[in-house]
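Structure first, commentary second.
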Amino acid sequence: MSEFSPKSDFLRVLTERGYIHQCSDMAAVDDKARAGELIAYIGFDCTAPSLHVGSMLQIMMLRWLQKTGAGKPLPLMGGGTTRVGDPSGKDESRKLLSIADIDANKESIKRIFSSFLAFGEGKTDAAMPDNAEWLTALNYIEFLREVGRHFSVNRMLAMDSVKMRLERDQELSFIEFNYMCLQAYDFVELNRRYNCNLQMGGSDQWGNIVTGIDLGRRMGTPQLYALTSPLLTTSSGAKMGKTAAGAVWLNADMLSPWDYWQYWRNTEDADVGRFLKLFTELPLDEIRRLEALQGAEINEAKKILANEATAMAHGRAVAEQSAETARKTFEEGAVSADLPTVEVPRAEFAAGLGVLTAFVRAGLVASTGEARRQVKGGGLRVNDKPVTDEKATLGAGDLAGGEAVKLSLGRKRHILLKPV
RNA sequence: GGGGGAGUGUCCCGAGCGGCAAAGGGGGCGGACUGUAAAUCCGCUGGCUAUGCCUUCGUAGGUUCGAGUCCUACCUCCCCCA
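Each residue of the first sequence is one higher than the one before, counting from 679 in the working numbering.
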């Protein structure tokens, strides 16, 4: 398979840029792509109000599918399957979410896709189905007779996601055990409704996808295909998408574009080339030039990565503003008015706000106790001057360069505190 | 149904003779070094109106000057026998 050289733009791009982990039939998928007849779906869980960067790889695959004219992308909302819970890749079962929460999450997630895909009725326009549409209407007995009879429990027990739980003596509830059946059925249903013929996903989804292909064969669909992407970790082994502040969300109301830009800006040297290929659409020869930069010069590549990734998710203007704010803050050491701002009542400020409290208000530390410890460690600064006296107060005299005080935790996290 | 074992600092794992804000590690945060990188080294990693006060060891009671540690009941999980 590694020897295969694709003729379609779609598979060529995916191969060159490192999106492909496994494919059930490269040659067949290649043909369909060339004919513009790939109708591909990727399922997205509705377990949180936003997707995070961990899903970016999947989103990019749909985007390339559309961009190369290979066919129609179908981001599938897991409004139904999230009610059951996917055990793949998880050590233990998760609490079931309430249906109201799932629906709220779904609405929030839907908004993300309009930044990445063009929706409509045309041949390569995206559509966004929700498996709650058919899964919640299923009748148990009917489902068992028509779909359930095609599943072999023997085979299901041998699947990695199940085997792992059994071998470690970890609980696997019946509801979770059913998850793969529902996902397999989704594939068949999407074929019936949209002529969907390809399911993509992370490598942990391989088992679920193949189960769907198999079910399709038994239930009389045309041949279906599977294509998975590698599980991404940073060079130092961490999972993608976690930072001090938590997950790197794609929704701007969950994580500000500024923080999103910063996430990409702080990429490890060793990951720059790989990430440029996966998370931007820059030409490969440009990327080769950027990743070859040595020493401190590679920071230029990181800025471009941050700009491109942020532009895609939040728009070019916002990305450029973040870049400019970063330049002022980190390269000039100036106070940029565009840094994230937290407001405090002017009266409170005039009365003299304790430094510790101020940092808690700014959200840079969780408690005054933590603020106190950070002072001891030299981690807090007011207008770039280290805080040495934990009893100090902020007043009008600290309003540097205008209307706000710049509070910093460490060298990277800055907040403007603004009296109103 | 009978017998045995376990639940610890709300990120995780984990030690804990009746004096414990509780060992150690991972993770995280901060500092030094750098390039807003990695690696390395150092510090910190319950809360507060703070030389003291409050809340923490599955839940609820009890014994004791004093309980994570002892007793009782209950909950949850695991193992063995039926």
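Each residue gets a CB set at the ideal place from its N, CA and C atoms; glycine is no exception.
Three-state secondary structure assigned by DSSP to residue i
{"i": "glutamine 901", "result": "coil"}
{"i": "serine 702", "result": "coil"}
{"i": "lysine 1063", "result": "strand"}
{"i": "serine 776", "result": "coil"}
{"i": "lysine 1084", "result": "strand"}
{"i": "arginine 1091", "result": "strand"}
{"i": "alanine 804", "result": "strand"}
{"i": "alanine 1049", "result": "helix"}
{"i": "valine 996", "result": "helix"}
{"i": "threonine 1099", "result": "Absent from the model: residue 1099. The displayed extent of the chain is 679 to 1098, so no value can be given."}
{"i": "glycine 890", "result": "helix"}
{"i": "glutamate 1021", "result": "strand"}
{"i": "alanine 922", "result": "Model confidence at alanine 922 stands at a pLDDT of 49, short of 50, so the residue's coordinates are unreliable; what they give is reported in the following sentence. The answer is coil: DSSP assigns alanine 922 none of H, G, I, E or B."}
{"i": "lysine 750", "result": "strand"}
{"i": "proline 935", "result": "helix"}
{"i": "glutamate 906", "result": "The sequence as given places threonine at residue 906; glutamate does not occur at that position. Reduced to three states, the DSSP call for threonine 906 is strand."}
{"i": "leucine 813", "result": "helix"}
{"i": "alanine 1004", "result": "helix"}
{"i": "lysine 1096", "result": "strand"}
{"i": "alanine 991", "result": "helix"}
{"i": "tyrosine 941", "result": "helix"}
{"i": "threonine 911", "result": "strand"}
{"i": "phenylalanine 722", "result": "strand"}
{"i": "glycine 798", "result": "coil"}
{"i": "methionine 679", "result": "Caution is warranted here: a pLDDT of 48 is assigned to methionine 679, below 50, making its placement in the model unreliable, and no coordinate value can be reported."}
{"i": "leucine 1034", "result": "helix"}
Close Cβ partners of residue i (< 8 Å) along its chain, the five nearest in sequence each way excluded
{"i": "threonine 1066", "result": "Val1053"}
{"i": "glutamate 867", "result": "Asn809, Trp812"}
{"i": "glycine 826", "result": "Cys859"}
{"i": "phenylalanine 722", "result": "Leu729, Ser733, Gln736, Pro753, Leu754, Met755, Gly756, Ile787"}
Proximity winner among the options, relative to residue i (alpha-carbon distances)
{"i": "glutamate 978", "options": "Phe821, Ala1004, Val1083, Ser830", "result": "Ala1004"}
{"i": "methionine 734", "options": "Met842, Ala805, Gly880, Thr693", "result": "Gly880"}
{"i": "leucine 850", "options": "Gln877, Pro765, Arg827", "result": "Pro765"}
{"i": "alanine 718", "options": "Tyr863, Lys1006, Pro753", "result": "Pro753"}
{"i": "phenylalanine 791", "options": "Glu946, Gly756, Phe829, Leu740", "result": "Leu740"}
{"i": "serine 839", "options": "Gln883, Phe1037, Arg712", "result": "Gln883"}
{"i": "tyrosine 872", "options": "Ala930, Pro908, Ala804", "result": "Ala804"}
{"i": "alanine 1070", "options": "Arg1089, Gly1032, Asp1062", "result": "Gly1032"}
{"i": "isoleucine 887", "options": "Thr906, Glu854, Trp942, Leu956", "result": "Thr906"}
{"i": "tryptophan 936", "options": "Cys874, Glu975, Met897, Thr1007", "result": "Thr1007"}
Own chain, CB closer than 6 Å to residue i, minus 5 neighbours either side, in chain order
{"i": "arginine 833", "result": "none"}
{"i": "asparagine 985", "result": "Ala997, Ala1001"}
{"i": "alanine 862", "result": "Thr889, Gly890, Leu893"}
{"i": "tyrosine 938", "result": "Thr988"}
{"i": "serine 1086", "result": "Arg1059, His1092"}
{"i": "phenylalanine 682", "result": "Met704"}
{"i": "lysine 710", "result": "Leu716"}
{"i": "proline 1023", "result": "none"}
{"i": "lysine 784", "result": "Cys724, Met755, Gly757"}
Proximal residues to residue i (C-beta, below 7 Å), its chain only, five neighbours per side dropped
{"i": "alanine 796", "result": "Gln744, Asp803, Ala804"}
{"i": "alanine 930", "result": "His992"}
{"i": "glycine 1056", "result": "Pro1064"}
Taking 8 Å as the threshold, find out whether the segment 890–907 comes into contact with the segment 699–712 through three or more Cβ pairs. Taking 8 Å as the limit for Cβ pairs, the verdict is that the segment 699–712 does touch the segment 890–907.
Are the segment 695–702 and the segment 723–730 in contact at 8 Å, needing three or more beta carbon pairs? no
For the segment 749–764 against the segment 775–784, are there 3 or more C-beta pairs whose distance is under 8 Å? They touch, by the three-pair rule.
What are the start and end residues of each continuous beta strand (DSSP E) run of 3 or more residues lying completely inside the segment 827–881, in chain order? 876–880
Using 8 Å as the Cβ pair cut-off and three pairs as the minimum, do the segment 933–952 and the segment 969–978 touch? yes
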